DNA sequence: TTGTACGCGTTATCAT
DNA sequence: ATGATAACGCGTACAA
């Protein structure tokens, strides 16, 4: 019954409570509303009292209470970013870009990862959406309708996906693929294999279509080889199919597949790029760890994250949300050692 | 003057405002406070009205307004994580662990990156601290006093660093190093080189001390070689020093150094592990991209992030904040192909 | 068991 | 130019 009963309270709060505008008002000898004005609408106040108020604020180490402000304004100055897998190297550049752009505009990034089903993703989105001003979905497995539903509550931007009525950030694959095919054509290759990603992957199809178009333009042949999963092990497993495809250059759906394939080929004493050239997509962290380094068609992931955050901010500023803005977001070829001249027959 | 003047407003808010407990109260025909109780203190309410309220809440798709709750309770259910560099592979596992643990307890992770000076870090911390319940500093360059100052406002936990009076999460290097040295001893090595990290790095010294102790115990020699920066290029530059050191096995301060060194050695036709064995620290993403794969002394980064978040939560629950809790957080050896028998002389 | 009333810190609308 | 006051949504002590 004693006041010591709730020992937990004491243990947490030798912390001094944060100063409020009332504390400042008292210290500066003015009204709290004057303090608020001095701090949020500078210039509307006599220079002298403004001085005093700022001095008092600094002395008390004042910073606004975001909750109080949010309660009134409805804005949290926070952007949520939901990714499937934080440790996927494709994502941390996106995270970085979004965080950078947010911080630039004095916004804060809230990050969440869903590792399971679309159900988990929806759960996560629902959990986050009340506390953010907008939501970025970096690799959503949600249905278009679900995404549009979220967008009715708060601004939503998707990355690497196209959803009607939703702002989406997608890098244009064509330039990078064109560079890659031109590069390979210049090296004398005439038959290309594409190790595809997951059947359901919209991105994988886009990449394949782009390759088809570019090879056709260069008078080359292209063949698509289905793979199991976009991971290294699956890449290794593709070696036989690749070897029997007759292709002298392989483009894999992503770098992990490419690296696995390359390791397996080298393990079988197939020279890369002597006997076969290998390219990946994404230019992930570590693509330069391999020997030879992996030539890759890279997307500007950081920029994608930045544009996504910027998209949220501009919707908050009143822009329509259905504009797809891939402009200025293009892939490009990153040349390393895994591509070389077509072997003499 | 017309009501169309503020066109921006219209553009943003075809969005329906979120439902409040008042909306639920009206729909269920009860008072708002009853709704609040039904939702936050289940059981204190007649089963029948509780049913009605929950039904109404579901129908209106109600979720609490975090700002309102935070204003009242002083808790945001949010944990801030500040890292120097999101794209450093050591960090995303930390991020993942912290996010996972936070989500587990219905907390949300706020992420911020400072890429510059300690000044930027302090600025970032100050920006974040009003809106979070606690702060994790993953690689702080702040002075101990600065960190303690932050800890006066909100719970603070540091990772990979020890600060007096501050909960710190540091993996115990010894077990991993012991395993590594035992492994190398078993392979016949007797002279080890340590390619050190930055002079000022507390972690690098710890690693060196641990190596010294372990090698002494095994009757081996160890020599420390200073490097410029913990990056691949610097690792490449270490090749001559390593070769002239007389060591048959090298442990690098981190995997990037190790990979750079390995690439350079292989480029000089030095066989790895035939002529020299190489180990790194951290077991980063991509350590298996190299040929041979890099043997590395790994830390459980995900767990570190989890423990850090858990530390914040337990301080919030009333635990003292000065307990250093490295228990159960130990390094271990991840064996790959870059280590092998000592070459015959 | 349920309703009433107040306060959290801030901004905005009045009035002075 | 500045002070007084209401309002944001929620939780809770108190009253009924």
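Residue numbers (full-length UniProt numbering), protein chains in the order written: chain A, 1 to 345; chain B, 1 to 345.
Here a beta-carbon is modelled for each residue, glycine too, at the ideal position from N, C-alpha and C.
All values derive from a computational prediction rather than experimental measurement.
For the beta strand (DSSP E) containing residue 296/A, name the first residue and the last one. Within the first chain, numbered from 1, the residue matching residue 296/A stands at position 296. Secondary structure note for residue 296/A: its beta strand (DSSP E) is the uninterrupted segment 295 to 298.
What residues match up with residue 250/A in a beta bridge as DSSP calls it? For the purposes of this step, residue 250/A is identified with residue 250 of the first chain, where counting begins at 1. Residue pairing from DSSP places residue 250/A in a beta bridge opposite 193/A, 278/A.
Would you check if there are 3 or more beta carbon pairs closer than 8 angstroms linking the segment 83 to 94 of chain A to the segment 45 to 56 of chain A? The segment 45 to 56 of chain A and the segment 83 to 94 of chain A do not touch, with fewer than three beta-carbon pairs separated by less than 8 angstroms.
Would you mind stating whether residue 139/A and residue 84/A have Cβ atoms separated by less than 8 angstroms? Residue 139/A sits at position 139 when you count from the first residue of the first chain. Residue 84/A sits at position 84 when you count from the first residue of the first chain. Going by beta carbons, residue 139/A and residue 84/A fall inside the 8 angstroms limit.
Would residue 263/A pass as an interface residue toward chain B - the criterion being a Cβ-Cβ separation below 8 angstroms? Within the first chain, numbered from 1, the residue matching residue 263/A stands at position 263. Cβ-Cβ to chain B under 8 angstroms: yes for residue 263/A.
Quick check: the Cα distance between residue 265/A and residue 112/A, rounded to an integer number of angstroms? Looking up residue 265/A in the first chain gives position 265. Looking up residue 112/A in the first chain gives position 112. Each residue's Cα considered, the two are about 38 angstroms apart.
If we count Cβ pairs, one from each stretch, closer than 8 angstroms, do we get three or more for the segment 247 to 261 of chain B versus the segment 279 to 286 of chain B? Yes, the segment 247 to 261 of chain B is in contact with the segment 279 to 286 of chain B.
Nearest-angstrom Cα separation, counted from residue 304/A out to residue 80/A: To locate residue 80/A, count along the first chain from 1; it is residue 80. To locate residue 304/A, count along the first chain from 1; it is residue 304. Distance from the CA atom of residue 80/A to the CA atom of residue 304/A, rounded to whole angstroms, is 15 angstroms.
Given a threshold of 16 other Cβ atoms within 10 Å of its Cβ, counted over all protein chains shown, does residue 31/B qualify as buried or as exposed? In the second chain, counting from the first residue as 1, residue 31/B sits at position 31. With fewer than 16 other Cβ atoms from the protein chains shown falling within 10 Å of its own Cβ, residue 31/B counts as exposed.
In chain order, what residues of the segment 234 to 261 of chain A put their CB closer than 7 angstroms to some CB of chain B? Using a CB distance below 7 angstroms, the part of the segment 234 to 261 of chain A facing chain B consists of 259, ordered along the chain.
Would residue 92/B count as contacting chain A if we go by Cβ distances under 8 angstroms? Working through the second chain from its first residue, we reach residue 92/B at position 92. Taking CB atoms only, residue 92/B has a neighbour in chain A less than 8 angstroms away.
C-alpha distance - residue 109/B paired with residue 26/B, whole-angstrom precision: Here the question's residue 109/B lines up with position 109 in the second chain. Here the question's residue 26/B lines up with position 26 in the second chain. Distance between the alpha carbons of residue 109/B and residue 26/B is about 34 angstroms.
Mind checking whether residue 248/A and residue 200/A have CB atoms under 8 angstroms apart? Position 248 of the first chain, counting from 1, holds the residue named residue 248/A. Position 200 of the first chain, counting from 1, holds the residue named residue 200/A. Not in contact: residue 248/A and residue 200/A (Cβ atoms no closer than 8 angstroms).
Would a C-beta distance cut-off of 8 angstroms place residue 334/A and residue 296/A closer than the cut-off? Within the first chain, residue 334/A is the residue found at index 334, counting from 1. Within the first chain, residue 296/A is the residue found at index 296, counting from 1. Yes.
Short check: CB of residue 144/A to CB of residue 163/A, under 8 angstroms? Counting from one through the first chain, the residue named residue 144/A turns up at place 144. Counting from one through the first chain, the residue named residue 163/A turns up at place 163. The answer is yes: Cβ separation under 8 angstroms.
Cutoff 7 angstroms; reference residue 78/A; Cβ partners in own chain excluding five residues on either side: The residue you call residue 78/A lines up with position 78 of the first chain. Taken in chain order, the residues that qualify are 107, 108, 110, 131, 132, 133.
Where DSSP assigns a beta bridge to residue 134/A, which residues make up the other side? Along the first chain, read from residue 1 onward, the residue named residue 134/A stands at position 134. Residue 134/A pairs with 79/A.
Whose CA, out of 234/A, 75/A, 336/A, lies closest to the CA of residue 18/B? Locating residue 18/B in the second chain gives position 18, counting from the first residue. Relative to residue 18/B, the option among 234/A, 75/A, 336/A whose CA is nearest is 75/A.
Would you mind stating whether residue 242/A and residue 193/A have Cβ atoms separated by less than 8 angstroms? Reading the first chain from its first residue, position 242 is the one you call residue 242/A. Reading the first chain from its first residue, position 193 is the one you call residue 193/A. Closer than 8 angstroms, so yes.
Option in 245/B, 237/B, 100/B with minimal Cα separation from residue 262/B: The sequence position of residue 262/B within the second chain is 262, counting from 1. The option with the nearest alpha carbon to residue 262/B is 237/B.
8 angstroms is my cut-off, CB to CB: does residue 89/A come that close to chain B? Along the first chain, read from residue 1 onward, the residue named residue 89/A stands at position 89. Chain B contact via Cβ: present.
Flag this pair as yes or no: are the beta carbons of residue 273/A and residue 318/A separated by less than 8 angstroms? As a working mapping, residue 273/A is identified with position 273 in the first chain. As a working mapping, residue 318/A is identified with position 318 in the first chain. Between residue 273/A and residue 318/A, the gap from beta carbon to beta carbon reaches 8 angstroms or more.
Is residue 65/A close to chain B? Criterion is C-beta to C-beta, closer than 8 angstroms. For the purposes of this step, residue 65/A is identified with residue 65 of the first chain, where counting begins at 1. Among the CB atoms of chain B, one or more fall inside 8 angstroms of the CB of residue 65/A.
Segments of 4+ residues assigned as alpha helix (DSSP H) that fall wholly inside the UniProt domain "HTH lacI-type" (19 to 73) of chain A: The UniProt domain "HTH lacI-type" (19 to 73) of chain A contains these whole alpha helix (DSSP H) runs: 21 to 28, 32 to 40, 47 to 59, 66 to 73.
Using three-state DSSP, classify residue 180/B as helix, strand or coil. Within the second chain, the letter at position 180 stands for residue 180/B. If DSSP states are grouped into helix, strand and coil, residue 180/B belongs with the helices.
Would you say residue 191/A lies against chain B (beta-carbon separation less than 8 angstroms)? Within the first chain, residue 191/A is the residue found at index 191, counting from 1. Not an interface residue.
Beta carbon proximity, residue 356/A to chain B, threshold 8 angstroms: Residue 356/A is absent from the model: chain A starts at 1 and stops at 345.
So residue 182/A packs on residue 290/B, CB below 8 angstroms; how close in whole Å? Looking up residue 182/A in the first chain gives position 182. Looking up residue 290/B in the second chain gives position 290. Distance from residue 182/A to residue 290/B at the Cβ level is roughly 30 angstroms; contact not present, criterion being Cβ atoms closer than 8 angstroms.
Decide yes or no for the touch test of the segment 60 to 73 of chain B against the segment 57 to 76 of chain A: beta carbon pairs closer than 8 angstroms, at least 3 of them. As far as the Cβ criterion goes, the segment 60 to 73 of chain B touches the segment 57 to 76 of chain A, which means the pair count is three or higher.
Check whether chain B comes within 8 angstroms of residue 177/A, counting only Cβ atoms and requiring the distance to be less than that. Counting from 1 along the first chain, the entry for residue 177/A is found at position 177. For residue 177/A, the answer is no, since every Cβ of chain B falls outside 8 angstroms of its Cβ.
Give the DSSP-derived three-state secondary structure of residue 255/B in the structure shown. Walking along the second chain from the start, residue 255/B turns up at place 255. Look at residue 255/B here: in three-state DSSP terms it is helix.
Just to make sure I have the definition right: I need the residues of chain B whose C-beta is within less than 7 angstroms of the C-beta of residue 131/A. Which are they? As a working mapping, residue 131/A is identified with position 131 in the first chain. What residue 131/A touches in chain B: 66, 108.
Any chain A beta carbon closer than 8 angstroms to residue 340/B: Walking along the second chain from the start, residue 340/B turns up at place 340. Using a Cβ-Cβ cut-off of 8 angstroms, residue 340/B does not count as an interface residue toward chain A, since no Cβ of chain A sits closer than that to its own.
Residue 147/B versus 292/B, 121/B, 185/B, 188/B, residue with shortest Cα-Cα distance: The residue you call residue 147/B lines up with position 147 of the second chain. Put simply, of 292/B, 121/B, 185/B, 188/B the residue whose alpha carbon is nearest the alpha carbon of residue 147/B is 121/B.
Cβ distance (whole Å) where residue 185/B is taken to contact residue 218/B below 8 angstroms: As a working mapping, residue 185/B is identified with position 185 in the second chain. As a working mapping, residue 218/B is identified with position 218 in the second chain. The pair is a contact, with the Cβ atoms about 5 angstroms apart (cut-off 8 angstroms).
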